[in-house]
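Below you'll find the structure, written out as structure tokens, and then a few comments.
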Amino acid sequence: MPFEHSGEIDASTHDSLYRIRHSLAHVLAQAVLEIREGATLGFGPPISDGFYYDFVLPEPITEADFPELERQMRRILKKGQRFYHEELPKDEALARIDEMGEPYKREYAEELCEKNGIDALSFYRNGPFVDMCEGPHVDTTKEIPRDAFKLRSVAGAYWRGDSRNTMMTRIYAWAFEDKTALDAHVEAYELALERDHKKLGRELDIYTIDNEIGRGLPLWLPNGTVIRDELEKLACELEFIDGYQRVATPHIAKQDLFYRTGHLPYYADDMYPPMELVEETEHGETVKEAYVLRPMNCPHHHKIFASSLRSYRELPLRLAEYGHVYRFEDSGAVGGLLRVRGMCMNDAHIYCTEDQIADEFRNVIALYDRAYSILGLKDYSLRLSCWDPEDPQGKNKYVDEPEAWEASQAILRKILDELDLDYVEAKGEAAFYGPKIDVQFPTVTGREESVSTVQLDFAIPKRLDLKYIGPDGEEHVPYCIHRAPFSTHERFVAFLIEHFGGAFPTWLAPIQVRVLTVSEQFDAYAQQIVNELRSDFVRAELGSMSDTVSKKIREGTMRKIPNLLIVGEREVETNEVTLRRYGVRAQTTLPFATFKEKLRENIDSRALEFVL
Ligand SMILES: [Zn+2]
Ligand SMILES: [Zn+2]
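Written out as structure tokens, the structure reads:
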């Protein structure tokens, strides 16, 4: 049983990297004690990309101390200190910890002995440093590469994660098997920081979160709203071509509906608590009813399906809506646009017969492919998410219809095979009402993220008593396909911010053109250009008046505006503009009329690049 480590990674994976990270934590502690005599120790476990150690310090350590600390650590590594293991009976062990002067270790050791009935404790010594710890370690510090670790940051952390306890100083470090792996990791980390949607979302004025509105409820600023509108417009067009019909539905519904669909009671933790309403009927009776904020749009669409007697001739019926839903994410998890409590989903539900499932799925997958290629998202992969018949919790997690599960999974497998698409199967990842195909994207930092899904639902239409009259004149239950290629605005815009690093293609960019003048005397011409572009529905604006042109260019570049137009004397005389594209060094001067025409073409074709 690991007793020193606070569980970030599985201590049973005692591979060599684990030993290196673990041993480096001891080396860091030794170095800290050298530069901060009298420091006391908390925990110092390995983590997924290195390790950390917690200290109570007589005098603070900041990142400015890192070079000195790292030098000290390298010196220790060079010495080739051997790790000695020692196991002491409880009393001797506690006396040893007292001798070490480590009150936090003492508290933890006592607790271990009392709660877990341990009667001996394990210690490791390397050089002058002794730590209560279960290991494992390298044999000597010589085995640890001296150029494959790097101190990362300092943070405050409460002893044992409890805010009633002492605040300690946590020093984080990266550590890898060699320098190449370390460099690659640091580079990916820095790229992720730079492209982080929370950072860029703030810098580019895309969204904000206000405490008086509530956690996880982003407010979309004008720039972010442009991106949403453009995505929504694209989705509407693609869906229109594929025969979808738009609907609009309210954000709330009676709680009972969600009991009928089977979302409640299982989904209760993920929903805002119900609103209890007391109303008087026309007969003067008092009725109590509970309403909920909907966590999904499906039941509302199902009710539209049920609003008239349907014939097989109306199928497939494809109902689409960018619909708002609310999910009560755990407060610890809420943050940025990726973990929110209110979101707007690129939703649609396709009602069809069993014979139509394959065609509809093929069309949906083709629509996903068109949508993603417009955005330049190529390297996605598919995952067929199935139920897990062996899951002991299965009865609560999945509709209990084994045959329907196998049959619908077989349909999806066959479609994927026929389309010759690569996919992996994942057991236990299905929705509770049916299997799904998840679309997985690699992120800029190499993580894989499930961005959207297509689901085949064989269960809920039956529960809600949906039916259509078949060619045989009998009632039949339709299948339902749930799909959302652009996921939610929140999730998808976060993904796109990171994908484009905030530098959106012109058609998607909040500001498409900013016009800058070399001096104030050309402002009238610049304003005329802005007006002409705006009357052609181009999001154009005038750059600030008073700055120097180089400052204006810098500012426009920081805002990642795709097209900066610079106008001066020559441009005014010849009716030209000088174009400076984001990320392109060379400027091009061309007639304004030509620019306007090419720009229109570029926007209309939703091109990723602007080729003149
Ligand atoms: Zn250790
Ligand atoms: Zn749905």
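Heads up: the sequence shown begins at 5 in my numbering, then just goes up one per residue. Virtual Cβ for every residue (Gly too), placed ideally from N, Cα, C.
Problem set entry | Cα-Cα separation, Ser167 to Thr44 | 19 Å
Exercise. Quick one: is Met172 buried, meaning 16 or more other Cβ sit within 10 Å of its Cβ, or exposed?
Worked result: buried
For this session: Determine, using beta carbons only, whether Ile65 and Val158 come nearer to each other than 8 Å.
Result: Cβ distance < 8 Å, so Ile65 and Val158 count as in contact.
Exercise. How far does the alpha helix (DSSP H) with Asp373 in it reach, from first residue to last?
Worked result: From DSSP, the alpha helix (DSSP H) with Asp373 extends over Ile361 to Ile378.
For this session: Count the CB pairs spanning the segment 481-491 and the segment 452-462 that are closer than 8 Å, and state whether there are at least three.
Result: yes
For this session: Could you pull out every residue in the same chain whose Cβ sits closer than 8 Å to the Cβ of Ile607, ignoring the five residues on either side in sequence?
Result: Apart from sequence neighbours up to five positions away, the residues of its chain that approach Ile607 with a beta-carbon distance below 8 Å are Thr510, Trp511, Gln516 and Val542, ordered along the chain.
Problem set entry | Beta-carbon spacing of Ile415, Ala362 below 8 Å | Less than 8 Å divides the Cβ of Ile415 from the Cβ of Ala362.
Exercise. Just reading off the alpha helix (DSSP H) that Ile231 is part of, what are its end residues?
Worked result: Pro226 to Ile245
Problem set entry | C-alpha distance - Gly11 paired with Val251, whole-angstrom precision | Model confidence at Gly11 stands at a pLDDT of 34, short of 50, so the residue's coordinates are unreliable; what they give is reported in the following sentence. In a straight line, the C-alpha of Gly11 is about 48 Å away from that of Val251.
Exercise. Does the beta-carbon distance from Val36 to Phe87 come in below 8 Å?
Worked result: no
For this session: Determine, using beta-carbon pairs with one atom in the segment 137-153 and one in the segment 16-32, whether at least three such pairs fall under 8 Å.
Result: By the Cβ test, the segment 137-153 is in contact with the segment 16-32, since at least three Cβ pairs between them sit closer than 8 Å.
Exercise. What first and last residue would you give for the alpha helix (DSSP H) that runs through Leu323?
Worked result: Run containing Leu323: none in the alpha helix (DSSP H); it sits in the beta strand (DSSP E), Leu321 to Tyr330.
Problem set entry | Check: Met300 C-beta below 7 Å from any heavy atom of ligand 2 | yes
Problem set entry | Close Cβ partners of Ile378 (< 6 Å) along its chain, the five nearest in sequence each way excluded | Arg610
Problem set entry | Straight-line Cα distance separating Leu297 from Glu216 | 19 Å
Problem set entry | Nearest to Asp476 (by Cα), restricted to the options Cys137, Val190 and Arg317 | Arg317
Problem set entry | 4-residue-minimum alpha helix (DSSP H) runs that sit fully inside the segment 85-137, ordered along the chain | 94-104 and 107-120
Exercise. Under three-state DSSP, which class holds Met5?
Worked result: Unreliable positioning characterises Met5 in this predicted model, as indicated by a pLDDT of 23, which lies under 50. The coordinate reading is nonetheless provided below. Coil.
For this session: Could you tell me if the beta carbon of Tyr128 falls within a distance shorter than 7 Å of some heavy atom in ligand 3?
Result: The model on display carries ligand 1 and ligand 2 but not ligand 3.
Exercise. Quick one: Cα of Gly42 to Cα of Pro277, how far?
Worked result: 51 Å
Problem set entry | Met77, DSSP secondary structure in three states | helix
Exercise. Hey, how far is the Cα of Tyr271 from the Cα of Gly121?
Worked result: 40 Å
Exercise. Any idea if Asp123 is buried or exposed, counting beta-carbon neighbours within 10 angstroms, 16 or more meaning buried?
Worked result: exposed
Problem set entry | Inside the segment 473-537 only - alpha helix (DSSP H) runs reaching at least 4 residues | 493-504
Exercise. For His353, is the beta carbon positioned less than 7 Å from some heavy atom of ligand 2?
Worked result: yes
Exercise. In this structure, does DSSP put Ser412 in helix, strand or coil?
Worked result: helix
Exercise. Does the Cβ-Cβ distance between Gln444 and Tyr384 come in under 8 Å?
Worked result: yes
Problem set entry | Distance CB(Ala185)-CB(Leu155) smaller than 8 Å | At least 8 Å separates the beta-carbon of Ala185 from that of Leu155.
Exercise. Which residue's Cα is closest to the Cα of Lys146: Lys202, Leu81, Phe153 and Ile210?
Worked result: Leu81
Problem set entry | Close-in-space but distant-in-sequence residues of the same chain around Ile565 (CB under 6 Å, 5 per side omitted) | For Ile565, where only same-chain residues beyond five positions count, the Cβ hits under 6 Å are Ile515 and Arg518.
Exercise. Does the segment 336-349 come within contact of the segment 405-421, defined as at least 3 CB pairs closer than 8 Å?
Worked result: The segment 336-349 vs the segment 405-421: no contact.
For this session: Compute the Euclidean distance between the alpha carbons of Thr17 and Tyr56, then round it to the nearest angstrom.
Result: With a pLDDT of only 49 at Thr17, under the threshold of 50, the placement of this residue in the model should not be trusted; the figure read from the coordinates follows. Looking at the two C-alpha atoms, the distance is approximately 18 Å.
For this session: Spell out the partners DSSP gives Leu386 in its beta bridges.
Result: Leu386 is bridged to Tyr427 and Val443.
Problem set entry | Supposed close pair Ala488, Asn350 - CB separation, criterion 8 Å | 5 Å
Problem set entry | Cβ-based burial, Thr113 [other Cβ within 10 Å; buried from 16] | The residue you asked about is not Thr; residue 113 is Ala in the sequence shown. Ala113 is buried by the Cβ-count criterion.
For this session: Please name the residue, chosen from Phe490, Ser491 and Arg467, that lies closest to His480 on a Cα-to-Cα basis.
Result: Arg467
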